[in-house]
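In terms of UniProt numbering, the sequence shown is numbered consecutively and its last residue is 231.
Quick reminder that beta carbons are idealized off the backbone N, C-alpha and C, glycines included.
What follows is a short report on a single structure.
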Amino acid sequence: MICSGPVLLVLRALFSKKPVSVFRIVWFDLQENMQGGVEILKRRPWCSMKYKSIGGLQMIYTRTGDQGTTSLLDGSRVRKNSIRVDSYGTIDELNSLLGFGKHFVANSDIVEKIHIVQRELFAAASELADPKGEKYAAKLGETEILRFEAWIDEYVKLMDPAPKFIVPGSSQASGILHVARTVCRRAERLMAALDETEPVSPSLMKYVNRLSDVLYTFARFLEEQQELVNQ
């Protein structure tokens, strides 16, 4: 049996005769290889956390953030209400909301596309958590943006021309995706505010902007499908 790094660390903490005082678990995520459809396990530095162990048992809390600060990937500490933390925290919020929302979506193609986006949002948050760009190189760029535009074009062809105003919420699925769209827009606004004082990757800004268009398109498509069911 092959165990990943975090699993080995947990096993070590549970079964070691000597308590493991402090160790670091780094989150992993699956990134899809778009060429061959192969999922490759890649190490993601974002959200690495220190876990203390007492008597071999994990403790989730560390007390290092009790004074309202958190550490970035370059080791610096900032206030938890800083624009940078708010930016990648909102990306995390979006990721969680998409994870919840996809369970209301019956369209398997849209569910799979949302899952792809979720994996990429880990990369987006990692990039925002690395102010100097030294620990985590930019991963999202023109390839992902062009793919978003292809998704949009694909679903727009299946819909009637858009009316001037859309009232969200004709179904649970479309309503949740509209909420996700507004969270995505909020993340974009925070990134724009951050970019006024600290540079944010133009490609990442464009990625988040186009993602909100994707979510709008999916929500509209699901609304039209619901209308057909109700007829």
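*Does DSSP put THR182 in a helix, in a strand, or in coil?*
In this structure, THR182 counts as helix in the three-state DSSP scheme.
*Can you tell me whether DSSP reads MET59 as helix, strand or coil?*
DSSP places MET59 within a strand segment (E or B) once states are collapsed to three.
*Does the pairing of the stretch 214-223 with the stretch 103-119 give three or more beta-carbon distances under 8 Å?*
Flag = yes, the stretch 214-223 and the stretch 103-119 touch.
*asked:* For SER71, report the span of its beta strand (DSSP E) as first-last.
replied: Start and end: 69-71.
_With a threshold of 7 Å on Cβ separation, who are the neighbours of LYS132 within its own chain once the five nearest residues in sequence on each side are excluded?_
So the qualifying residues of the chain are ASP74.
_Between the stretch 174-186 and the stretch 97-106, can you find at least three pairs of beta-carbon atoms closer than 8 Å?_
Under the 8 Å Cβ criterion, the stretch 97-106 counts as touching the stretch 174-186, having at least three qualifying pairs.
*Could you have a look at LEU215 and say whether DSSP puts it in helix, strand or coil?*
Looking at LEU215 - three-state DSSP - the assignment turns out to be helix.
*Assigned exposure category for THR143 - 16 Cβ within 10 Å defines buried*: The C-beta of THR143 has fewer than 16 other C-beta atoms within 10 Å across all chains shown, which makes the residue exposed.
*List the endpoints of the continuous beta strand (DSSP E) containing VAL117.*
For VAL117, there is no enclosing beta strand (DSSP E); the enclosing alpha helix (DSSP H) has its first and last residue at 108-128.
*Which one of ARG147, THR69, ALA125 has the shortest CA to CA distance from LEU190?*
For LEU190, the closest C-alpha among the options ARG147, THR69, ALA125 is that of ALA125.
*Range covered by the beta strand (DSSP E) that runs through VAL78*: It spans 77-79 - the beta strand (DSSP E) in which VAL78 sits, taken as one unbroken run.
*Are the beta-carbon atoms belonging to LEU146 and GLU127 less than 9 Å from one another?*
The Cβ-Cβ distance between LEU146 and GLU127 does not fall below 9 Å.
*Look up GLU144 in the DSSP assignment and say whether it is helix, strand or coil.*
The answer is helix: DSSP assigns GLU144 an H, G or I state.
*Which whole runs of the alpha helix (DSSP H) in the stretch 188-212 are 4 residues long or more, in chain order?*
If one requires a minimum length of 4 residues, no alpha helix (DSSP H) run lies completely within the stretch 188-212.
*Can you find at least 3 beta carbon pairs, one from the stretch 184-200 and one from the stretch 148-166, that sit closer than 8 Å?*
Cβ pair count under 8 Å is below three, so no.
_beta-carbon ALA123 near the ligand FAD non-hydrogen atom, thresh 8 Å_ = This structure lacks the ligand FAD; in fact it carries no ligand of any kind.
*Determine the closest residue to ARG185 out of ASP66, GLU93, VAL85, VAL111, with distance taken between C-alpha atoms.*
Comparing alpha carbon positions, the residue from ASP66, GLU93, VAL85, VAL111 closest to ARG185 is GLU93.
*Could you pull the start and end residues of the alpha helix (DSSP H) that GLU93 belongs to?*
Under the DSSP assignment, GLU93 falls in the alpha helix (DSSP H) whose first and last residues are 83-101.
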